[in-house]
């Protein structure tokens, strides 16, 4: 009798939970690195917020689980013969997550907001192919002059000043529609739970700062996702993230702590996913202030003193490759240039490093004292320690390590006031060498080093105007070679994507941009 009674009670409890939609709903637990700096698509500057925004929002064009372009908010599009006019036709059933219709004039108003100077969108420059986009963002033209029109409620027309892969660019968060009535009503708090209105497969359910962001199915999205709830966990410490995965607290990790690859494969088998990734890691130098302003010899000395082979074999150790430039191998149609140092032995590099260090006015009696700043992360700390040890052993440099929480670090790096050397890098937004090189343009919001070279900018402009792909790539190679010779940054390695994926997760496909929207994943019952 007691067993029956307990069974009935349990059935009632489970039924109640099922009706409430809380406990029985499948939840995908995802590691996501640092705390997202924002959930405003136009202001998102990093991977951590972009991962979440790809679930919350949908642009005119989307990407599937393998990174292929698929229709998004637009069901179809076309381009003129000269490649300068694109027309996008919206789905007739498009809705915001609050159920209101979403039409072309709203998308147009949102895009104008993305380029408005007050928005300070960090990645708006990626869409500078749109007519007047740069002038609008600089405040030289009103938003109404942006080369986008809405001739009817279902159509958007983009006019470009140069040829560009516009559908690929429109997958970026800066091109997502923002619900402007919510922004007008709530101001900066329009991204908070209960306020945020989005248009993707999920809507924001909860945001616990420094812990997790929880999403739930958007009932007004055209295709309910297979997994009804997703939690993005803040996992700044890779070692802690690994322990959470082993304990069953995560289905997918954002990364892995440095460990011997053979050991990880033996330990995790098919759960270990390591794949080529279009990303580069470098150390930046603040070129506006001492000790690196007007000190190319010193910057080169520090670069030559780093043994990249040791770093990638023993410090990172998960398939990364040594870097001598900012554009990684594997970018479509592009062969990165190699500087002379790449052909030297490490002994030759270190001998030249010591000569350049002395030429810059430093010695054992007068050592360089430098602060190396990075955002809080176990891999970043290990790397910073290794680089500091190499600088000390080869040159006698005295390095102070300074770590900061992600939001603080991003602001400090952008301001270029107290930074000297700092953690930098770039993950491709699209498969294009220009996406990496454009970050060093003089007026780029992502030019954290303050590199300024009119000849470099002119090469990028010439590449934009090049009549053939071959000429474009040749000019981009010249630009990267010029950047390398200036030693504005210290390239260290090219990334691999590295995750642990629980066997219950289905549909996780490797792709060069390492993007995995939750709506294309499934969880086994």
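Residue numbers (the numbering used here): 46 to 570. By construction, the Cβ of each residue, glycine as well, lies at the ideal position given by its N, Cα and C atoms. Note that this is a predicted model, so its numbers are computed, not measured.
1. According to the Cβ coordinates, are residue 488 and residue 322 closer than 8 Å?
2. Rounded to whole angstroms, what is the Cα-Cα separation between residue 255 and residue 424?
3. When the Cα of residue 530 is compared with those of 342, 170, 446, which residue comes out closest?
4. In whole angstroms, give me the CA-to-CA distance for residue 198 and residue 175.
5. How close, in whole Å, do the beta carbons of residue 550 and residue 568 come, if the pair is a contact with beta carbons under 8 Å?
6. Along the alpha helix (DSSP H) that carries residue 523, what are the first and last residues, could you check?
7. In terms of residue numbering, what span does the alpha helix (DSSP H) encompassing residue 179 cover?
8. When DSSP labels each residue in this structure, what does residue 233 get in the three-state scheme?
9. Measure the alpha-carbon distance for residue 141 versus residue 485 and round it to whole angstroms.
10. Roughly how many angstroms lie between the CA atoms of residue 419 and residue 354, to the nearest whole one?
11. Below 8 Å between beta carbons: does that hold for residue 364 and residue 381?
12. DSSP three-state label for residue 191, please.
13. May I have the straight-line CA-CA distance separating residue 311 from residue 518, to the nearest angstrom?
14. So residue 270 packs on residue 250, CB below 8 Å; how close in whole Å?
15. Let's test the definition: count the other Cβ atoms within 10 Å of the Cβ of residue 450 and tell me whether it reaches 16, buried, or not, exposed.
16. Quick one: grab the DSSP three-state call for residue 354.
17. Would you tell me roughly how many angstroms separate the C-alpha atoms of residue 223 and residue 231, rounded to the nearest one?
18. Is any heavy atom in the ligand ATP found nearer than 7 Å to the beta carbon of residue 511?
19. Cutting at 7 Å between CB atoms, please list the residues of its own chain near residue 502, excluding the five before and the five after it.
20. Assign residue 411 to one of two classes, buried (16 or more other C-beta atoms within 10 Å of its C-beta) or exposed (fewer than that).
21. Give me the residue from 540, 261, 548, 498 with the minimum Cα distance to residue 557.
22. According to DSSP, residue 146 sits in a beta bridge with which residue or residues?
23. Where do the ends of the alpha helix (DSSP H) carrying residue 97 lie?
24. Okay, do the region 509-524 and the region 230-244 touch, 3+ Cβ pairs below 8 Å being the bar?
25. Across which residues does DSSP place residue 262 in a beta bridge pair?
26. Specify the secondary structure class of residue 402 as computed by DSSP and reduced to three states.
27. In this structure, what does DSSP give as the bridge partners for residue 114?
28. Measuring alpha carbon to alpha carbon, tell me which of 306, 405, 479 ends up nearest residue 339.
29. Among 248, 287, 280, which residue has its Cα nearest to the Cα of residue 273?
30. If you drop the 5 nearest sequence neighbours on each side, which residues of the same chain put their C-beta closer than 8 Å to that of residue 603?
31. Is the Cβ-Cβ distance between residue 162 and residue 490 less than 8 Å?
32. Excluding the 5 residues preceding and the 5 following residue 79 in the sequence, name in chain order all residues of the same chain whose CB lies nearer than 7 Å to its CB.
33. With H, G and I counted as helix, E and B as strand and the rest as coil, what does DSSP make of residue 69?
34. Rounded C-beta distance between residue 214 and residue 475? I'm assuming under 8 Å.
35. Taking C-alpha atoms, which residue in 244, 401, 314, 383 lies nearest to residue 143?
36. What residues in its chain sit with their C-beta under 6 Å from that of residue 208, if we drop five residues either side in the sequence?
Walking through what the data contain:
1. On the chain shown, position 443 is the one that residue 488 refers to. On the chain shown, position 277 is the one that residue 322 refers to. No, these two residues do not count as a Cβ contact at 8 Å.
2. Your numbering for residue 255 matches position 210 in the chain shown. Your numbering for residue 424 matches position 379 in the chain shown. Going from the Cα of residue 255 to the Cα of residue 424 covers about 19 Å.
3. As a working mapping, residue 530 is identified with position 485 in the chain shown. Nearest C-alpha to residue 530: 342.
4. Position 153 of the chain shown, counted from the first residue, corresponds to residue 198. Position 130 of the chain shown, counted from the first residue, corresponds to residue 175. So the two alpha carbons sit approximately 21 Å from each other.
5. To locate residue 550, count along the chain shown from 1; it is residue 505. To locate residue 568, count along the chain shown from 1; it is residue 523. So it is a contact: roughly 6 Å between Cβ atoms.
6. Taking the first residue of the chain shown as position 1, residue 523 is located at position 478. That run of the alpha helix (DSSP H) goes 514-531.
7. The residue labelled residue 179 in the question sits at position 134 within the chain shown. Taken as a continuous stretch (DSSP letters only), the alpha helix (DSSP H) holding residue 179 covers 178-182.
8. Looking up residue 233 in the chain shown gives position 188. Looking at residue 233 - three-state DSSP - the assignment turns out to be helix.
9. Looking up residue 141 in the chain shown gives position 96. Looking up residue 485 in the chain shown gives position 440. Cα to Cα, the separation comes out at about 37 Å.
10. Taking the chain shown and counting its residues from 1, one reaches residue 419 at position 374. Taking the chain shown and counting its residues from 1, one reaches residue 354 at position 309. Cα-Cα distance, rounded: 21 Å.
11. For the purposes of this step, residue 364 is taken as the residue at position 319 of the chain shown. For the purposes of this step, residue 381 is taken as the residue at position 336 of the chain shown. Cβ distance not < 8 Å, so residue 364 and residue 381 don't count as in contact.
12. Translated into the one-based positions of the chain shown, residue 191 becomes position 146. In the structure shown, residue 191 sits in coil (DSSP, three-state: anything other than H, G, I, E or B).
13. Looking up residue 311 in the chain shown gives position 266. Looking up residue 518 in the chain shown gives position 473. Computed Cα separation, rounded: 42 Å.
14. Taking the chain shown and counting its residues from 1, the one referred to as residue 270 is at position 225. Taking the chain shown and counting its residues from 1, the one referred to as residue 250 is at position 205. Actually they are not in contact, since the Cβ atoms of residue 270 and residue 250 sit about 14 Å apart, beyond 8 Å.
15. Looking up residue 450 in the chain shown gives position 405. Residue 450 is classed as exposed because its beta carbon has fewer than 16 other beta carbons within 10 Å across all chains shown.
16. Here residue 354 refers to the residue found at position 309 when the chain shown is read from its first residue. Looking at residue 354 - three-state DSSP - the assignment turns out to be helix.
17. Counting from 1 along the chain shown, the entry for residue 223 is found at position 178. Counting from 1 along the chain shown, the entry for residue 231 is found at position 186. Computed Cα separation, rounded: 13 Å.
18. In the structure on display, the ligand ATP does not appear, and there are no ligands present to speak of.
19. As a first step, residue 502 is located in the chain shown; it is residue number 457 there, counting from the start. Shown here for residue 502: same chain residues with a beta carbon closer than 7 Å to its own, the five before and five after excluded, namely 486, 487 in chain order.
20. Counted from its first residue, the chain shown places residue 411 at position 366. Classification of residue 411: exposed, given that the 10 Å Cβ count is below 16.
21. On the chain shown, residue 557 is found 512 positions in, with the first residue counted as 1. Minimum Cα distance to residue 557 is reached at 540.
22. In the chain shown, the residue the question calls residue 146 occupies position 101. Beta-bridge pairing links residue 146 to 140.
23. Residue numbering aside, residue 97 sits at position 52 when the chain shown is read from its first letter. Where residue 97 is concerned, the enclosing alpha helix (DSSP H) stretches over 92-101.
24. The region 509-524 vs the region 230-244: no contact.
25. Along the chain shown, read from residue 1 onward, the residue named residue 262 stands at position 217. Answer is 247, bridged to residue 262.
26. By one-based count along the chain shown, residue 402 stands at place 357. Helix.
27. Here the question's residue 114 lines up with position 69 in the chain shown. Residue 114 is bridged to 108.
28. Counting from 1 along the chain shown, the entry for residue 339 is found at position 294. Of the candidates 306, 405, 479, the one whose C-alpha sits nearest the C-alpha of residue 339 is 405.
29. On the chain shown, position 228 is the one that residue 273 refers to. Answer by Cα proximity: 248.
30. No answer is possible for residue 603: it lies beyond the span of the chain, which begins at 46 and ends at 570.
31. The residue labelled residue 162 in the question sits at position 117 within the chain shown. The residue labelled residue 490 in the question sits at position 445 within the chain shown. With a cutoff of 8 Å on beta-carbon distance, residue 162 and residue 490 are scored as not near each other.
32. Residue 79 sits at position 34 when you count from the first residue of the chain shown. Contacts found: 93, 279, 281, 420, 451.
33. As a working note, residue 69 is residue 24 in the chain shown. For residue 69, the predicted model reports a pLDDT of 45, less than 50, meaning its position is unreliable and no value from the coordinates is stated.
34. Within the chain shown, the letter at position 169 stands for residue 214. Within the chain shown, the letter at position 430 stands for residue 475. Yes, they are in contact, since the Cβ atoms of residue 214 and residue 475 sit about 6 Å apart, within 8 Å.
35. Here residue 143 refers to the residue found at position 98 when the chain shown is read from its first residue. Comparing Cα-Cα distances from residue 143 to each of 244, 401, 314, 383, the minimum goes to 244.
36. Within the chain shown, numbered from 1, the residue matching residue 208 stands at position 163. The beta carbon of residue 208 sits closer than 6 Å to the beta carbons of 128 from its chain, once the five residues preceding and following it are set aside; these are given in chain order.
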